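Visitor: Each residue of the sequence shown is one higher than the one before, counting from 7 in the working numbering.
Below is a structure I'd like to ask you about.
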Amino acid sequence: MKVVILAGGRGTRLTEETTIKPKPMVEIGGHPIVWHIMKGYAHFGFKDFVLALGYKGDVIKDYFVRYQAANSDITVDLKAGRVTYEQESPVDWRVSLIDTGESTETGGRLHRLAPRIRPDGTFMMTYGDGVSDINLKSLLEFHRKHGRLATVTAVRPPARYGTMRFDGDQVVEFQEKPQTGEGWINGGFYIFEPGVLDYIPEDYTILERAPLERLAQDGQLMAYRHEGFWQCMDTVRDKVRLETLWESGSPPWRLW
7 MKVVILAGGR
17 GTRLTEETTI
27 KPKPMVEIGG
37 HPIVWHIMKG
47 YAHFGFKDFV
57 LALGYKGDVI
67 KDYFVRYQAA
77 NSDITVDLKA
87 GRVTYEQESP
97 VDWRVSLIDT
107 GESTETGGRL
117 HRLAPRIRPD
127 GTFMMTYGDG
137 VSDINLKSLL
147 EFHRKHGRLA
157 TVTAVRPPAR
167 YGTMRFDGDQ
177 VVEFQEKPQT
187 GEGWINGGFY
197 IFEPGVLDYI
207 PEDYTILERA
217 PLERLAQDGQ
227 LMAYRHEGFW
237 QCMDTVRDKV
247 RLETLWESGS
257 PPWRLW
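Put into structure tokens, the structure is as follows:
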């Protein structure tokens, strides 16, 4: 089953880093966040990736082209033009790196990929900037059981600030940055049937607007509720939080 990752965004709220690299290549613990996302999918056996590239897509291409060399000792035969890797690649993924346009919208990127993904049937999709401890096999089982065209993962967003509960002026409970106790948002881990592509007519279609709205109206959109960890990396503050969790030695999204 193919896993589509939208990796073409500019990351305008991370301009300190994204002036020289696309947002999915911003590093957490020395690895691009897209690597963390892919490791999560691979942990559950999903290793056939299609990355929809856009802004500075060449940086992502270079990373994967050089991946084995960066993780192996090599011998270069300059006369024969041959490179020998002394260790096998640490991963067994298949990664298709497809230019879907620098200004193409989220739905438009799927629209451009349709000839590549439609023939294979059911596919997964996510964004290149969010990590989670979601059980992807359970997500797939949920999708297959309900039989609709689309499944979106619903998550409770992490609060930006800590909360306190009082008895008069006395603090009786303090909790630092809990997840919100109410309200669900789109967590960005989808499973789609090829029929979803019929809801996306052009490059300028924003997936999260008309297509998902129409799927909901048609009774074809189901939500998988994930109560565990989820964090997107929209801002420098988000990046710092993820770095801190990684440096703790037990980041909650590292299931592998």
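Don't be surprised by glycine CBs; every beta carbon is placed ideally from N, CA and C.
Quick caveat: nothing in here was measured; it's all calculated off a predicted structure.
Following the continuous alpha helix (DSSP H) through G63, name the residue where it begins and the one where it ends.
Guide: 63 to 71
Visitor: Excluding sequence positions up to five away, which residues of its chain have a Cβ less than 6 Å from the Cβ of R247?
Guide: none
Visitor: How would you label P30, buried or exposed, when you count the other beta carbons within 10 angstroms and need 16 or more for buried?
Guide: Around the beta carbon of P30, 16 or more other beta carbons sit within 10 angstroms, so the residue counts as buried.
Visitor: Which whole-angstrom value is the C-beta distance of G15 and Y69, which I expect to be below 8 Å?
Guide: 16 Å between Cβ atoms; not a contact.
Visitor: Can you tell me the Cα-Cα spacing of I26 and G174, whole angstroms?
Guide: Whole-angstrom Cα-Cα distance: 51 Å.
Visitor: Can you tell me which of the three DSSP states F235 falls into?
Guide: coil
Visitor: On a CA-only basis, which of E199, T112, G193, M228 is nearest R124? Give me that one, please.
Guide: E199
Visitor: Per the contact definition of three or more C-beta pairs closer than 8 Å, is the stretch 204 to 221 in contact with the stretch 243 to 262?
Guide: No contact exists between the stretch 243 to 262 and the stretch 204 to 221.
Visitor: So within the stretch 94 to 124, which uninterrupted beta strand (DSSP E) runs reach at least 3 residues, ignoring any that extend past its ends?
Guide: 100 to 105
Visitor: The beta strand (DSSP E) that contains M131, what's its start and end?
Guide: 129 to 133
Visitor: Could you check whether Y91 and T112 sit closer than 9 Å to each other, using their CB atoms as the reference points?
Guide: In this structure, Y91 does not lie closer than 9 Å to T112 by Cβ.
Visitor: Tell me whether F50 sits in a helix, a strand or coil according to DSSP, three-state version.
Guide: Of the three classes helix, strand and coil, the one that applies to F50 here is coil, per DSSP.
Visitor: What residues are listed by DSSP as bridge partners for P207?
Guide: DSSP lists no partner for P207.
Visitor: Might you give, ordered along the chain, the residues of its own chain that have their beta carbon closer than 6 Å to the beta carbon of Y230, omitting 5 neighbours on each side?
Guide: L145, F148, T157, T159
Visitor: Using 8 Å as the Cβ pair cut-off and three pairs as the minimum, do the stretch 92 to 111 and the stretch 69 to 83 touch?
Guide: yes
Visitor: On the premise that Q237 lies in contact with P164, defined as a C-beta separation below 8 Å, what is that separation, rounded to the nearest angstrom?
Guide: 6 Å
Visitor: By the DSSP assignment, the beta strand (DSSP E) with D83 in it spans what residues?
Guide: 80 to 83
Visitor: Could you check if R88 is buried or exposed, using at least 16 other CB atoms within 10 Å of its CB as the buried criterion?
Guide: exposed
Visitor: In whole angstroms, what separates the C-alpha of M239 from that of V82?
Guide: Their Cα atoms are separated by approximately 39 Å.
Visitor: Beta-carbon within less than 7 Å of R19's beta-carbon, same chain only, minus the 5 sequence neighbours each way: which residues are those?
Guide: D240, T241
Visitor: Please return the same chain residues whose Cβ sits closer than 7 Å to the Cβ of E23, not counting the five positions on each side in sequence.
Guide: Excluding residues within five positions, the ones whose Cβ falls inside 7 Å are V32.
Visitor: Just verifying my parser: in three-state terms, what is the DSSP assignment at S256?
Guide: coil
Visitor: For A13 and M228, what's the separation of their Cα atoms in angstroms?
Guide: Going from the Cα of A13 to the Cα of M228 covers about 24 Å.
Visitor: For T2 and D79, I'd like the C-alpha separation in whole angstroms.
Guide: Any property of residue 2 remains undetermined from this structure, which presents the chain solely from 7 to 262.
Visitor: How long is the line joining the alpha carbons of G127 and A120, rounded to whole angstroms?
Guide: 11 Å
Visitor: Where do the ends of the alpha helix (DSSP H) carrying A222 lie?
Guide: 216 to 223
Visitor: Beta-carbon separation of L261 and D139 under 9 Å?
Guide: Taking a C-beta distance under 9 Å as the contact criterion, L261 and D139 qualify as a contact pair.
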